[in-house]
Structures are given as structure tokens and as C-alpha cells.
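All residue numbers for the sequence shown refer to our numbering, where the first residue is 82 and numbers rise by one. Read through the structure below, which is laid out as C-alpha cells, and then see the notes.
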Amino acid sequence: MELHGATRYLLEPILSELVSPGSILSAYSLASTFCVAVFALALRHRARRGHANLPAIFRAIFGTRVTGHESFHADVKLVFLSIVVLPPFMMSLALSANTVSMAVSSVLKSAFGSFAPSTGHEASIRAMSTVALFVAYEIGYWVDHYLKHRVSFLWAFHKLHHTAEVLTPLTNYRNHPVDNVIFGYMLSIFVGGAAGVLAWIFGRDTQIVSVDGKNIIFIAFLWTIGHLQHSQFWIPFTGVWGRILMSPAHHQIHHSDDPRHFNRNLGSVLAVWDWLAGTLEIPSTKNPRLSYGVKEVGQEAHSWRGMLATPLVEGGGALWRALLSMRKSSFIGRRRPERDLTDEMGQRS
Ligand SMILES: [Zn+2]
Ligand SMILES: [Zn+2]
């Protein structure tokens, strides 16, 4: 491959992520998040010292304490892997939400007949569908995340996201490819299933209000506080808001290496699922100075081998043990007492 060809191969996907308004790494979302971070830090400075110290704020955002950390360097490697290397291979493994949607609407149609096509206003149907698919996404995200913290096979892969010791917007990409594939299937089932029900009810393809194909509600979250969930800045929502929305501090608690915080705050945008399930931890107003990471992983947390190969070995082992225990329980004809998955998955399950 010629040099300029190789450079293009490497840079094009990254540039495309940066200029696509709907991408997680879009320059727009990073720029708006930067403004929100500066504003939030300036407000805190003013409350404490009576004035905003801009140089200190910029040092807090771009300081080498984060960008010089090996955890951040590992995140950069995984961004490269997720955006440049993996997409061509992942395409063939993906389950499209459209496929699920068409299957669900045709099953409903053949089982119950056509629902009377709605004569409702196009804009109101679109708005309703936007909210419904956003809620379906949120439930799918929570269920996927809950299972990944409860099932040892799934935790083996999800653990990589928790090995981050400093949090930046790039930590969004710190996921094992197997974790990403399972997440994609889960979302296709929940969002595609909901879109199929809507298509059956309204008698037309489900349309939503979107930016670059992404739900506008999710984009609004991403462009304001979404990226700050993976940041060092303690921005808590408390009281009623803390039960409805996941603030940056909610997700930082999720990453905390304090055992009291394990398996808490599993939601994406909404905190209500955690509230209903009893897994909600509302952040305190005062910054508790949390530390992040998974202690058991040790030295291998940020190497290619530790990030990509170790989860395959641990996941394979977990699957093998689960199969063996199923075989044993069917052989003796009664179920053995359930093992506490918390013990099996180490500190965080
Ligand atoms: Zn998690
Ligand atoms: Zn996270």
C-alpha cells in the first residue's frame, strides 16, 4: 500500500467520526461538552473563591495527570481499533434493528391483522415514536448493562470498560469487541422490537426526529452532559433530578473502585430504571474524590494482551464452568444451590 493510501486508510474513518454530527466522537459534541465543562467549573470556582480562574480550569481539563496516564493511552489504542480496524469485520456480525422491526411488525400483522392506520398528525406520530424508541434504547441499555454485571461470561468482556483508571470521552470506546457485538444485538432487539410495534400500530415505517440517523434526545444528551460521564469533573444531580437523569457523577460512581459502588447506576441517560431496580446511588453534592479501575487485573489492564486476549480466556473459562455446572445439575436430577455470582466474578459482579 502506498504511504498516502495507508494514511488515508487510517485517517478517513477518524475524520468521518469527527465531522459526523451523530457520532460519539463528533467535533460538535466534543466542542459543546468543552463549553459545558468550562461553564460548570467556572460556576464552582465562583461559588468557592468569588471568581472563575480560567487558567486553572484549562489545566483541569487538559492536565497531563490524565493525558499522561497509561490508561488514557490504552483508550487511544481502543479508539483506533474501534473506528479504523474493526468496523469492516463487525458489519457481518451485526443484527440490524430494521430486520428485527420488519420481523416484529409482520408477526403482529399475521397474528392480529392490520391495526387501523392512524390518521394522526405526522409530526405528532414522529415525536411519539422518537420518545418511544428513546425509552426502548434506555431499557435495552440497562438490561444489557445489568446482565454484564451479573453474568460471569459477560462480565469477563465488560470488565475492560471498568479497567479505566482515568476517565475521558475516549473511555466511551474502551469496550471489548465481543462486548460491543452483544450490546448491538441487545439494542437491535429492544429498539427494533419497539419500532416493529410502532410500524404495526401506525401502519407505516417508523420515523423519528434524528440527527445523522441518531435519535435527537440521545444527541441532546451527548452534546451537553453525555461526555462528562467519562470525565474527572464531579457534576452531580441530586434530589428528584438525581432519580430521573444520570449526571456525570452518577456514572463516575459506576466506575468507582469502592466495593460499596459496585453494580450501581447502570443506566445511560435515565436514572429511573436504577431507581426502580434498587441499584441507584445518588451522588453527593461534595466531590468524594473517587478512584477508578479494577484492582484484580493489575499490570495487564492496559496492554493489548490484557485488554483483548485475557477477556477471551476468562470468558471461555466462565462459559465452560457454566456448562459443566448445568451438566452436573441435570445428572443428579436437581438443582444445586445457586452460587453467588458476586463471588465468581470477583470484585465488581
Ligand atoms: Zn459497567
Ligand atoms: Zn463508563
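Just so you know, even glycine gets a beta-carbon here, dropped at the ideal spot from N, CA and C.
* **Rounded C-alpha distance that separates His154 from Trp281** => 47 Å
* To do: May I have a chain-ordered list of the alpha helix (DSSP H) segments no shorter than 4 residues that lie completely inside the region 168-245?
  => 168-174, 178-193, 203-231, 233-243
* Asked: Excluding the five sequence neighbours on either side, which residues of its own chain have a C-beta within less than 8 Å of the C-beta of Val165, listed in chain order?
  -> Tyr90, Leu91, Pro94, Ile95
* Considering Ala108, what are the terminal residues of the alpha helix (DSSP H) in which it resides? -> 108-130
* **7 Å Cβ cutoff met for Thr287 and Ala276** => yes
* Asked: Within the chosen definition, does the region 225-245 reach the region 166-183 through at least 3 CB pairs nearer than 8 Å?
  -> no
* Helix, strand or coil for Asn455 per DSSP? -> Given a span of 82 to 430 for the chain in the structure shown, any question on residue 455 remains unanswerable.
* Using DSSP bridges, identify the partner residues of Tyr373. => Ser337
* Counting pairs of beta carbons, one from the region 309-329 and one from the region 344-353, are three or more of them closer than 8 Å? -> yes
* Asked: Three or more C-beta pairs closer than 8 Å, one from the region 245-256 and one from the region 308-324: is that the case here?
  -> yes
* 6 Å CB neighbourhood of Ser113 in its chain, flanking five on each side removed -> Trp304
* To do: Could you tell me if Thr88 is buried or exposed, where buried requires 16 or more neighbouring beta carbons within 10 angstroms of its beta carbon?
  => exposed
* To do: Quick one: give me the first and last residue of the alpha helix (DSSP H) that Asn261 is part of.
  => 258-283
* Pull up the distance between the alpha-carbon of Arg129 and that of Ile138, whole angstroms please. => 13 Å
* Asked: Is DSSP giving Leu404 helix, strand or coil here?
  -> helix
* Can you tell me which of Val119, Ala178, His331 puts its alpha carbon nearest to the alpha carbon of His264? => The residue asked about is misnamed: residue 264 is Phe in this sequence, not His. Taking only the C-alpha atoms, the option nearest Phe264 is Ala178.
* Is the beta carbon of Val262 sitting closer than 7 Å to the one on Leu159? -> no
* Are the region 100-109 and the region 289-296 touching, with three or more C-beta to C-beta distances below 8 Å? -> yes
* Would you check if the distance between the CB atom of Leu361 and the CB atom of Gln333 is smaller than 7 Å? => no
* To do: Tell me Leu351's beta-bridge partners as DSSP assigns them.
  => Leu326
* To do: Specify the secondary structure class of Ser384 as computed by DSSP and reduced to three states.
  => coil
* When Ala118, Val232, Ser101 are compared against Gly398, the one with the closest alpha-carbon -> Val232
* Name the residue from Phe215, Ile289, Gly307, Asn368 whose alpha carbon lies nearest to the alpha carbon of Ser337. => Asn368
* DSSP state of Ser97 mapped onto helix, strand, coil -> helix
* Go ahead and label Lys376 buried or exposed: buried means 16 or more other beta carbons lie within 10 angstroms of its beta carbon, across all protein chains shown. => exposed
* Asked: So Ser210 packs on Ile289, CB below 8 Å; how close in whole Å?
  -> 5 Å
* To the nearest angstrom, how far is it from the Cα of Gly320 to the Cα of Val100? -> 37 Å
* **Rounded straight-line distance, which links the Cα of Gly131 to that of His257** => 45 Å
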